[in-house]
Amino acid sequence: MPKPHVLLSVALLGVSLWAQSPSPSKEVQAVYADSYALYLDLHQHPELSSHELQTAAKVAAKLRGFGYQVTENVGGTGIVAVMKNGAGPTIMLRTELDALPVEEKTGLPYASKVHANDDSGQDVSVMQACGHDLHMASLIGTAQIMAQTKNTWHGTLVIIGQPAEETLSGANPMVDDGLMTRFPKPDVIVALHVGNVLPAGKVGVTPGYRSSNADSIRITIFGKGGHGAAPHTTIDPIVLGARIVLVLQTIASREVKPGEAAVVTVGYFQAGVKNNIIPDQAQLGITVRTVKPDVRKQVLAAIDRIVKGEAEAAGVVRLPEVVHYEATDAVYNDPALAQRLTVALEAALGKNNVEQLPPSMTSEDFSVFVEQGVPGFYFSLGGANPEKYVEAKASGNNLPSNHSSLFAPDAPPAIAIGITAEVAVLRNLFSSSAADLQKLTAQK
Ligand SMILES: [Zn+2]
Ligand SMILES: [Zn+2]
588 MPKPHVLLSV ALLGVSLWAQ SPSPSKEVQA VYADSYALYL DLHQHPELSS HELQTAAKVA
648 AKLRGFGYQV TENVGGTGIV AVMKNGAGPT IMLRTELDAL PVEEKTGLPY ASKVHANDDS
708 GQDVSVMQAC GHDLHMASLI GTAQIMAQTK NTWHGTLVII GQPAEETLSG ANPMVDDGLM
768 TRFPKPDVIV ALHVGNVLPA GKVGVTPGYR SSNADSIRIT IFGKGGHGAA PHTTIDPIVL
828 GARIVLVLQT IASREVKPGE AAVVTVGYFQ AGVKNNIIPD QAQLGITVRT VKPDVRKQVL
888 AAIDRIVKGE AEAAGVVRLP EVVHYEATDA VYNDPALAQR LTVALEAALG KNNVEQLPPS
948 MTSEDFSVFV EQGVPGFYFS LGGANPEKYV EAKASGNNLP SNHSSLFAPD APPAIAIGIT
1008 AEVAVLRNLF SSSAADLQKL TAQK
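Whatever position you read off the sequence shown (first residue = 1), add 587 for the numbering used here.
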């Protein structure tokens, strides 16, 4: 039989499994309804990367209403909201604003039915399939609590809404537009990300590298086309491409030291139009994920060497073109900061609700902010419905991941825990001076 205060939370939040999560404090309960309403609105009105006009306007209006000084259109549709509250450190809290070109198939009563034209003019379905709506809802609850409890902290809180995270093209324009110079430069930057890796009610911390370096590579192989019945008169780019695909598999398995993280995936292989024509060219699209900088260098060099070597072995006239067209660095969590904030999260949520997680192979342009010399803390928020999480674990299945058309986090408890965790992290950071935070994060 749950305790009376748990029953109250259940009634308030409309969640049957609330008893498994830490029950929210009064201050979180007080802002929860508004945050959840914003979540439902944002979920039903998702916008593609770099087109987050309505989303940014809604978030900006809320922050302005709480008394923040809000600047819009920073690096595109980005927003920056500042609240000064006496002497103390400057802490930045970040959310993303964008959604994905995915058709929602969750069957939820508030599922998105939105369509939009993507940048190539094609009509696509749009869905908040990465949970950025949940990040915005949590951040708004946090912003309200911080604005209403200014006696509990001192310093400057800078809240940012970043566009175009999914295309990894939103953080750089904000920095280029003066994020670190026109506004107070933060001593620490904080963000969270929801996912089904943990059940709602829990958070995860990864000290050191949190996500991976991501490199996108396009390879064009130049062969010599001809009749399918006369291969001796050609240099077949399909056979050469196939050989390259196979040899690339030996980078992670034979070249990188066992235990080091490295992924080389060929995501597309395009060549030819007809069965009896050997084409002139073939194209491969590759994503490379690594964690350590030296492993990244090793893998990228190996790809160049293998592509060139295999092409020479095939006797090509023109060497393949290798274009490295997109790159993001790994997100690094300052270890001393991660250790200190783990303790703060344990105090707020209970020791059992804070887990240490290994780095993931996803990528994030949050790294851009950290590279401006700002120590970062990027943590994981449990999103899985606790009952479904247990079922999936027992049956050996995985719940739908972020970016899936079926991604449906258990929003009520996840938002409440998101707010609780962010407020705990911010208050903990604001309890130190800027100089003390610098000293802490300078430890190596
Ligand atoms: Zn995503
Ligand atoms: Zn995301």
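Glycine included, C-beta positions come from ideal geometry on N, C-alpha and C. This one's a predicted model, so the numbers in the text were calculated from it and none came from an experiment.
Applying the 10 Å Cβ sphere with the 16-neighbour rule, what's the burial state of Ala900? As a first step, residue 900 must be located in the sequence shown, where it is residue number 313. Ala900 should be labelled exposed.
Taking only the alpha-carbon atoms, compute the straight-line gap between Val701 and Gln631 and give it to the nearest angstrom. For this step, residue 701 is matched to residue 114 along the sequence shown. For this step, residue 631 is matched to residue 44 along the sequence shown. Going from the Cα of Val701 to the Cα of Gln631 covers about 7 Å.
For Lys811, three-class secondary structure by DSSP: In the sequence shown, residue 811 corresponds to position 224, counting from 1. The answer is strand: DSSP assigns Lys811 an E or B state.
Compare the Cα-Cα distances from Pro880 to each of Gly872, Arg805, Ala858 and Ala848 and report the closest residue. Position 293 of the sequence shown, counted from the start, is the residue given in the question as residue 880. For the residues Gly872, Arg805, Ala858 and Ala848, the minimum Cα distance to Pro880 belongs to Ala848.
When the Cβ atoms of the segment 910–927 are set against those of the segment 788–800, are three or more pairs found closer than 8 Å? yes
Since Met767 sits in a beta bridge, which residues does DSSP pair it with? In the sequence shown, the residue the question calls residue 767 occupies position 180. According to DSSP, Met767 bridges with nothing at all.
Check whether the Cβ atoms of Pro771 and Glu639 lie closer than 8 Å to each other. Here residue 771 refers to the residue found at position 184 when the sequence shown is read from its first residue. Here residue 639 refers to the residue found at position 52 when the sequence shown is read from its first residue. Contact: no.
Glu683 Cβ short of 7 Å to ligand 2 heavy atom set: For the purposes of this step, residue 683 is taken as residue 96 along the sequence shown, with counting starting at 1. Yes, the Cβ of Glu683 comes within 7 Å of a heavy atom of ligand 2.
Residues that DSSP places opposite Asp710 in a beta bridge: As a working mapping, residue 710 is identified with position 123 in the sequence shown. Asn704, per the DSSP bridge assignment.
Give a single yes or no on whether Glu847 has its beta carbon closer than 7 Å to a heavy atom of ligand 2. For the purposes of this step, residue 847 is taken as residue 260 along the sequence shown, with counting starting at 1. The answer is no for Glu847.
Rounded to the nearest angstrom, what separates Thr821 and Ala839 at their Cα positions? To locate residue 821, count along the sequence shown from 1; it is residue 234. To locate residue 839, count along the sequence shown from 1; it is residue 252. Thr821 and Ala839: Cα-Cα distance of roughly 32 Å.
Please return the same chain residues whose Cβ sits closer than 8 Å to the Cβ of Val792, not counting the five positions on each side in sequence. Locating residue 792 in the sequence shown gives position 205, where the first residue counts as 1. Answer for Val792: Asn920, Ala925, Leu928, Thr929, Leu932, Val941, Glu942, Gln943, Leu944, Phe966 and Ser967, listed in chain order.
Report the residue from Phe1017, Ala1022, Ala1029 and Ala1021 whose alpha carbon sits nearest the alpha carbon of Lys737. For the purposes of this step, residue 737 is identified with residue 150 of the sequence shown, where counting begins at 1. The candidate whose alpha carbon is nearest that of Lys737 is Phe1017.
Given that a residue counts as buried once 16 or more other Cβ atoms are within 10 Å of its Cβ, and exposed if not, what is Ala724? Walking along the sequence shown from the start, residue 724 turns up at place 137. So Ala724 ends up on the buried side.
Please report whether the beta-carbon of Val701 lies at a distance below 8 Å from any beta-carbon of chain B. Any reference to chain B falls outside this structure, which holds one protein chain only.
Enumerated in chain order, which unbroken segments of the beta strand (DSSP E) with a length of 3 residues or greater are wholly contained in the segment 601–641? none
Using DSSP bridges, identify the partner residues of Leu680. Locating residue 680 in the sequence shown gives position 93, where the first residue counts as 1. Ile746 and Val777, per the DSSP bridge assignment.
What separation, rounded to the nearest whole angstrom, lies between the Cα atoms of Glu978 and Val850? On the sequence shown, position 391 is the one that residue 978 refers to. On the sequence shown, position 263 is the one that residue 850 refers to. Distance between the alpha carbons of Glu978 and Val850: 29 Å.
Whole runs of the beta strand (DSSP E) within the segment 947–1006, excluding any shorter than 3 residues: 963–971
Could you give the distance in angstroms between the alpha-carbon of Ile732 and the alpha-carbon of Ala787? Residue numbering aside, residue 732 sits at position 145 when the sequence shown is read from its first letter. Residue numbering aside, residue 787 sits at position 200 when the sequence shown is read from its first letter. Answer to the nearest angstrom: the Cα atoms are 21 Å apart.
Closer than 7 Å: Asn783 CB and nearest ligand 1 heavy atom: Within the sequence shown, residue 783 is the residue found at index 196, counting from 1. Outside the cutoff, so no.
Quick one: residues in its chain with C-beta nearer than 6 Å to the C-beta of Phe653, no 5 flanking neighbours on either side, listed in chain order? In the sequence shown, the residue the question calls residue 653 occupies position 66. Ala730, Gln731 and Ala734, listed in sequence order.
Measure the Cβ-Cβ separation of Ile806 and Leu906 and say whether it is below 8 Å. Counting from 1 along the sequence shown, the entry for residue 806 is found at position 219. Counting from 1 along the sequence shown, the entry for residue 906 is found at position 319. In this structure, Leu906 does not lie closer than 8 Å to Ile806 by Cβ.
Run through DSSP, which three-state label would Leu687 get? Position 100 of the sequence shown, counted from the start, is the residue given in the question as residue 687. Reduced to three states, the DSSP call for Leu687 is strand.
Give the range of the alpha helix (DSSP H) segment to which Arg927 is assigned. Taking the first residue of the sequence shown as 1, we reach residue 927 at position 340. Its alpha helix (DSSP H) spans residues Pro922 to Leu936.
If you pair each beta-carbon of the segment 679–691 with each one of the segment 980–999, do three or more pairs fall below 8 Å? yes
Considering only DSSP beta bridges, list what Tyr1033 is partnered with. Not covered by the structure: residue 1033. The range shown for the chain is 588 to 1031.
Residue nearest to Thr664 in terms of C-alpha spacing, selected from Met761, Ala935, Asp621 and Ile776: Position 77 of the sequence shown holds residue 664. Of the candidates Met761, Ala935, Asp621 and Ile776, the one whose C-alpha sits nearest the C-alpha of Thr664 is Met761.
Check each candidate in Pro794, Asn660, Arg1014 and Ile893 and name the one with the smallest Cα separation from Leu684. Your numbering for residue 684 matches position 97 in the sequence shown. The option with the nearest alpha carbon to Leu684 is Asn660.
His630 Cβ short of 7 Å to ligand 2 heavy atom set: Here residue 630 is taken as the residue at index 43 of the sequence shown, counted from 1. No, Cβ of His630 sits at least 7 Å from all heavy atoms of ligand 2.
Please determine, among Tyr655, His719, Pro609 and Ala668, the residue with the shortest C-alpha to C-alpha distance to Leu629. Taking the first residue of the sequence shown as 1, we reach residue 629 at position 42. Of Tyr655, His719, Pro609 and Ala668, the residue nearest in Cα terms is His719.
I'd like to know whether the C-beta atoms of Gly728 and Ser622 end up nearer to each other than 8 Å. Locating residue 728 in the sequence shown gives position 141, where the first residue counts as 1. Locating residue 622 in the sequence shown gives position 35, where the first residue counts as 1. For Gly728 and Ser622, yes; Cβs fall inside 8 Å.
Strictly closer than 7 Å from CB to any heavy atom of ligand 1: give me those residues in the order they appear in the chain. Leu687, Cys717, Glu752, Glu753, Asn989 and His990
Cβ neighbour criterion (16 or more within 10 Å) applied to Ala789: The count along the sequence shown starts at 1 and reaches residue 789 at position 202. The question names Ala, but residue 789 is Lys in the sequence shown. Buried, because 16 or more other Cβ atoms sit within 10 Å of the Cβ of Lys789.
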